[in-house]
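Remarks on the structure that follows.
In structure tokens, the structure reads:
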């Protein structure tokens, strides 16, 4: 993770403080964060970029945004000359 890393974090009501801690950790490692969620969920979160989405059930939010953002990340990596299938500094296990 470095200053060229952008991490997109989807906030939901069920995530609690874990999402906020994740955004702080990414920023402390030098990466940038782009948070998406309802206004009340992302209001106090420090981030480089943010997008407030309308209130809908949690399952509806992901279905609308996951595929386009996955493609954005894939093509950004390709344009930067990176292998999206072998990212640097990625643990095989995510600890919550």
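Residue numbers (this note's numbering): -7 to 88. Don't be surprised by glycine CBs; every beta carbon is placed ideally from N, CA and C. Note that the structure is predicted; figures quoted are calculated from it, not measured.
When the Cα atoms are used, residue 41 and residue 64 turn out to be separated by approximately 15 Å. C-alpha of residue 14 to C-alpha of residue 46: approximately 23 Å in a straight line. Counting along the chain, no beta strand (DSSP E) covers residue 18; the unbroken alpha helix (DSSP H) around it starts and ends at 9 to 20. Judged by DSSP in its simplified three-state form, residue 78 adopts coil rather than helix or strand. Linking residue 59 to residue -3 through their CA atoms gives a straight-line distance of about 19 Å.
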